[in-house]
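Residue numbers (our numbering): 789 to 858.
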């Protein structure tokens, strides 16, 4: 039976809060891009708006990244 570790819980909580902050900042920056920049990265204004308005705790995983655990 695994033991409960307060230190491990603290690190996991800190990691999750940092991730939430990253998602929030990224989505706010996405909403601030102009149409030319959105075209450069290959998404439409509607896609950017849909992603940018998601709640900060909702994460869209990226498939096939080099560090993904499968």
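For every residue, glycine included, the Cβ atom is placed at its ideal position computed from N, Cα and C.
> How long is the line joining the alpha carbons of residue 805 and residue 812, rounded to whole angstroms?
Replying inline: 11 Å
> Any idea what DSSP makes of residue 793, helix, strand or coil?
Replying inline: coil
> Which same chain residues, not among the five before or five after residue 801, have their C-beta less than 6 Å away from its C-beta?
Replying inline: none
> From residue 825 to residue 808, what distance separates their C-alpha atoms?
Replying inline: 24 Å
> Using the C-alpha atoms, what's the distance from residue 827 back to residue 815?
Replying inline: 16 Å
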